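**Q**
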Amino acid sequence: RLGPLLKELLDRWGQRGLVRGAVVVVLSDGWERGDVALLAQQMGRLARLAHRVVWANPRKAREGFEPTAAGLAASLPHVDDFVSGHSIAALEELADVVLGLRRAPVGTNRGSGGVDPYRARGVEPP
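For the record, in the sequence shown the residue sitting at position 40 is 145 according to our numbering, with numbers rising by one throughout.
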């Protein structure tokens, strides 16, 4: 259950600096078994506190993948970069994204027309 876990993280550490300004990586397939509305709310909090939110999903590499899992669909509007997490090469890409060497923007999930996720949050890209 991602929603309650994020709530606990943010309640305990969100304002104290652990999350504020960080690049936060979520490794999940997005299959939320709990309250999807709570997950969406907590992902919004996380996006406001963190510098960037990166989501790695091992299912993303599958041919024909669509982000239809309820938890993933509710979370993606708050995600800056969306990468696969199915192999060593995919994890290397994740490392490049975290280090700022590469971008994997979510695209239309942040707004119509592929709005840049940085500018959508009112900040300049690094």
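Yeah, the Cβ is synthetic: ideal placement off N, Cα and C, and Gly gets one too. Here the structure is a predicted model, which is why all the values come from computation and not from measurement.
What residues are listed by DSSP as bridge partners for R157?
**A** Start at 1 with the first residue of the sequence shown, and residue 157 comes out as number 52. DSSP output for R157 lists V128 as bridge partner(s).
**Q** Helix, strand or coil, according to DSSP, for V188 in the structure here?
**A** Translated into the one-based positions of the sequence shown, residue 188 becomes position 83. Secondary structure of V188 (DSSP, three-state): strand.
**Q** Determine the extent of the alpha helix (DSSP H) in which L199 is found, giving its start and end residues.
**A** Taking the first residue of the sequence shown as 1, we reach residue 199 at position 94. Counting along the chain, the alpha helix (DSSP H) containing L199 begins and ends at 193-204.
**Q** For R113, does the count of other Cβ atoms within 10 angstroms reach 16, so buried, or fall short, so exposed?
**A** Position 8 of the sequence shown, counted from the first residue, corresponds to residue 113. Per the sequence presented here, residue 113 reads as Glu, with Arg not at that position. Label assigned to E113: exposed.
**Q** The alpha helix (DSSP H) with P109 in it runs from where to where?
**A** In the sequence shown, counting from the first residue as 1, residue 109 sits at position 4. It spans 107-114 - the alpha helix (DSSP H) in which P109 sits, taken as one unbroken run.
**Q** Rounding to the nearest angstrom, what Cα-Cα distance links W136 and G126 in this structure?
**A** As a first step, residue 136 must be located in the sequence shown, where it is residue number 31. As a first step, residue 126 must be located in the sequence shown, where it is residue number 21. Going from the Cα of W136 to the Cα of G126 covers about 27 Å.
**Q** At the level of alpha carbons, what is the spacing between G139 and L107?
**A** The count along the sequence shown starts at 1 and reaches residue 139 at position 34. The count along the sequence shown starts at 1 and reaches residue 107 at position 2. One C-alpha to the other measures close to 7 Å.
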